[in-house]
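A.B. asks: Could you have a look at this structure, given as structure tokens, before my questions?
There are 2 protein chains.
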Amino acid sequence: MTTNREIKCQPECDAEKLLKLLSGKWKPQIFRLAVEGPLRFSNLLRQIPGSNKQSLSVALNELVEEVMLEKQIIKQKPLHIEYVLTDKGRSLLGVFRELEALSDNQEPKQ
Amino acid sequence: MTTNREIKCQPECDAEKLLKLLSGKWKPQIFRLAVEGPLRFSNLLRQIPGSNKQSLSVALNELVEEVMLEKQIIKQKPLHIEYVLTDKGRSLLGVFRELEALSDNQEPKQ
DNA sequence: ACAATAAGTCAGAAAAACATGACTACTAAC
DNA sequence: GTTAGTAGTCATGTTTTTCTGACTTATTGT
Numbered sequence: 001m002t003t004n005r006e007i008k009c010q011p012e013c014d015a016e017k018l019l020k021l022l023s024g025k026w027k028p029q030i031f032r033l034a035v036e037g038p039l040r041f042s043n044l045l046r047q048i049p050g051s052n053k054q055s056l057s058v059a060l061n062e063l064v065e066e067v068m069l070e071k072q073i074i075k076q077k078p079l080h081i082e083y084v085l086t087d088k089g090r091s092l093l094g095v096f097r098e099l100e101a102l103s104d105n106q107e108p109k110q
Numbered sequence: 001m002t003t004n005r006e007i008k009c010q011p012e013c014d015a016e017k018l019l020k021l022l023s024g025k026w027k028p029q030i031f032r033l034a035v036e037g038p039l040r041f042s043n044l045l046r047q048i049p050g051s052n053k054q055s056l057s058v059a060l061n062e063l064v065e066e067v068m069l070e071k072q073i074i075k076q077k078p079l080h081i082e083y084v085l086t087d088k089g090r091s092l093l094g095v096f097r098e099l100e101a102l103s104d105n106q107e108p109k110q
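Set out below in structure tokens:
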């Protein structure tokens with residue numbers, strides 16, 4: 001009889017996989033930018049100073065693999081690729097909001 | 001005029017620090033066990049298969065440092081140490097619940 | 001004094017994550 | 001056919017994280 005079941009997560013549960021998916025070095029920034037609109041590779045490189053092609057490429061592929069982003073080939077004049085937030089990806093915003101709420105509350109700084 | 005400000009987080013914001021704090025290899029499991037009651041070092045080692053002293057020690061110290069856990073010396077018969085979830089630590093459960101809600105919803109498996 | 005239990009620390013090794021620079025593939029313009 | 005733009009991959013190297021096993025400190029029991 002477990003009276004306190006506030007977290008029901010098991011060792012290698014989905015929640016932990018999800019957490020891991022969010023916590024790469026550049027993933028949070030990618031999310032942050034993705035909510036503002038479709039991402040393009042070369043833009044990301046410019047918009048995330050200190051990052052690099054390889055790491056961004058890996059991060060994007062992982063996020064596409066987990067259906068957080070969708071990769072779309074835009075067949076227009078200069079033919080390019082857009083990474084768009086999926087519904088699943090969008091649903092993760094709640095997690096970020098929770099995190100923000102906490103850091104706002106707990107470290108009010110003056 | 002940013003019309004879509006769903007995430008206001010800046011590159012090295014508190015939310016990302018928080019995320020990083022949660023995402024060590026053993027931290028989520030430590031949290032999961034901490035909500036069920038005070039932790040003891042030797043118990044953790046047994047309860048988290050595959051972990052090791054060094055890593056748990058580092059993780060616990062970080063969590064204590066960030067006031068997620070409190071270290072208490074119990075002056076009783078076999079004199080031992082307990083790591084207890086603080087209010088701050090408890091407030092992080094919301095993040096885990098968000099994560100769980102998502103993984104439940106999105107991968108219903110059957 | 002000696003052994004046992006609890007809670008670690010420390011140095012070094014191994015594994016995982018991340019970064020760099022050179023290179024590739026495709027398209028379109030000149 | 002050469003140049004330029006976009007979107008990468010690849011091999012390699014560096015850095016960070018995690019693991020292992022030996023050692024330490026403190027308390028209690030015999």
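So the protein sequences, as listed, match chains A and B.
The first sequence begins at 1 in the numbering used here and counts up one residue at a time.
The second sequence begins at 1 in the numbering used here and counts up one residue at a time.
From the three backbone atoms N, C-alpha and C, an ideal C-beta is built for every residue, glycine too.
Fair warning: this is a prediction, and the values are worked out from it, not measured in the lab.
Count the other C-beta atoms from every protein chain shown that fall within 10 angstroms of the C-beta of L45 of chain A, then say buried if there are 16 or more, exposed otherwise.
C.D. replies: Taking the first sequence and counting its residues from 1, one reaches residue 45 of chain A at position 45. Exposed: under 16 other Cβ atoms inside 10 Å.
A.B. asks: Taking C-alpha atoms, which residue in A:E36, A:A15, A:R90 and A:L19 lies nearest to V67 of chain A?
C.D. replies: Sequence index remark: in the first sequence, residue 67 of chain A carries index 67 (1-based). Comparing Cα-Cα distances from V67 of chain A to each of A:E36, A:A15, A:R90 and A:L19, the minimum goes to A:R90.
A.B. asks: When we look at the beta-carbon of P28 of chain B and count the other beta-carbons within 10 Å, is it buried (16 or more) or exposed?
C.D. replies: Looking up residue 28 of chain B in the second sequence gives position 28. So P28 of chain B ends up on the buried side.
A.B. asks: Would you mind telling me which residues of chain A sit closer than 8 angstroms to A59 of chain B, beta carbon to beta carbon, in chain order?
C.D. replies: On the second sequence, position 59 is the one that residue 59 of chain B refers to. Near A59 of chain B there are no residues of chain A at all, since even the closest Cβ is about 14 angstroms away, more than 8 angstroms.
A.B. asks: With a cut-off of 8 angstroms, does the C-beta of E16 of chain A fall near any C-beta of chain B?
C.D. replies: As a first step, residue 16 of chain A is located in the first sequence; it is residue number 16 there, counting from the start. Yes, E16 of chain A lies at the interface with chain B (some Cβ there is under 8 angstroms from its Cβ).
A.B. asks: Name the chain B residues that come within less than 7 angstroms of V95 of chain A, Cβ to Cβ?
C.D. replies: As a position in the first sequence, residue 95 of chain A is number 95, starting the count at 1. Within 7 angstroms Cβ-Cβ: V95, E98 and L99.
A.B. asks: Straight-line CA distance for L99 of chain A to L21 of chain B?
C.D. replies: Position 99 of the first sequence holds residue 99 of chain A. Position 21 of the second sequence holds residue 21 of chain B. So the two alpha carbons sit approximately 11 angstroms from each other.
A.B. asks: Helix, strand or coil: how does DSSP classify E111 of chain A here?
C.D. replies: Past the boundaries of the shown model lies residue 111 of chain A; chain A is included only from 1 to 110, so the question cannot be answered.
A.B. asks: Quick one: is I73 of chain A buried, meaning 16 or more other Cβ sit within 10 Å of its Cβ, or exposed?
C.D. replies: For the purposes of this step, residue 73 of chain A is taken as the residue at position 73 of the first sequence. Exposed, since its Cβ has fewer than 16 Cβ neighbours within 10 Å.
A.B. asks: Taking the alpha-carbon positions, what's the D104 of chain A to C13 of chain B distance?
C.D. replies: Numbered from 1 along the first sequence, position 104 holds the residue referred to as residue 104 of chain A. Numbered from 1 along the second sequence, position 13 holds the residue referred to as residue 13 of chain B. Approximately 10 angstroms between the Cα atoms of the pair.
A.B. asks: Find the residues of chain B that neighbour L19 of chain A, judging by a C-beta separation of less than 7 angstroms, and give them in chain order.
C.D. replies: The count along the first sequence starts at 1 and reaches residue 19 of chain A at position 19. Going along chain B in sequence order, the residues near L19 of chain A (Cβ under 7 angstroms) are L22, S23, P28 and L99.
A.B. asks: Between the Cα of V64 of chain A and those of A:A101, A:S23, A:K88 and A:F96, spot the shortest distance and give me the residue it belongs to.
C.D. replies: Numbered from its first residue, the first sequence carries residue 64 of chain A at position 64. Of A:A101, A:S23, A:K88 and A:F96, the residue nearest in Cα terms is A:K88.
A.B. asks: In terms of residue numbering, what span does the beta strand (DSSP E) encompassing L69 of chain B cover?
C.D. replies: Walking along the second sequence from the start, residue 69 of chain B turns up at place 69. Element bounds for L69 of chain B: L69 to I74.
A.B. asks: Examine the Cβ distances between the stretch 71–85 of chain B and the stretch 76–83 of chain A and report whether three or more of them are shorter than 8 angstroms.
C.D. replies: As far as the Cβ criterion goes, the stretch 71–85 of chain B does not touch the stretch 76–83 of chain A, which means the pair count is below three.
A.B. asks: Which whole-angstrom value is the C-beta distance of K25 of chain B and S55 of chain B, which I expect to be below 8 angstroms?
C.D. replies: Taking the first residue of the second sequence as position 1, residue 25 of chain B is located at position 25. Taking the first residue of the second sequence as position 1, residue 55 of chain B is located at position 55. That belief holds up - the Cβ atoms of K25 of chain B and S55 of chain B are roughly 7 angstroms apart, short of 8 angstroms.
A.B. asks: So, are the CB atoms of L93 of chain A and L18 of chain B less than 8 angstroms apart?
C.D. replies: On the first sequence, position 93 is the one that residue 93 of chain A refers to. On the second sequence, position 18 is the one that residue 18 of chain B refers to. Cβ distance not < 8 angstroms, so L93 of chain A and L18 of chain B don't count as in contact.
A.B. asks: Secondary structure at V35 of chain A, three-state DSSP: helix, strand or coil?
C.D. replies: For the purposes of this step, residue 35 of chain A is taken as the residue at position 35 of the first sequence. Residue state, collapsed to three classes: coil.
A.B. asks: Tell me which residues share the same chain as K53 of chain B and place their Cβ nearer than 7 angstroms to its Cβ, disregarding the 5 neighbours each side in the sequence.
C.D. replies: Position 53 of the second sequence holds residue 53 of chain B. Around K53 of chain B: L45.
A.B. asks: In the DSSP assignment, find the alpha helix (DSSP H) that holds L44 of chain B and state where it starts and stops.
C.D. replies: Counted from its first residue, the second sequence places residue 44 of chain B at position 44. That run of the alpha helix (DSSP H) goes F41 to Q47.
A.B. asks: Helix, strand or coil for E16 of chain A, going by three-state DSSP, please let me know.
C.D. replies: For this step, residue 16 of chain A is matched to residue 16 along the first sequence. Residue state, collapsed to three classes: helix.
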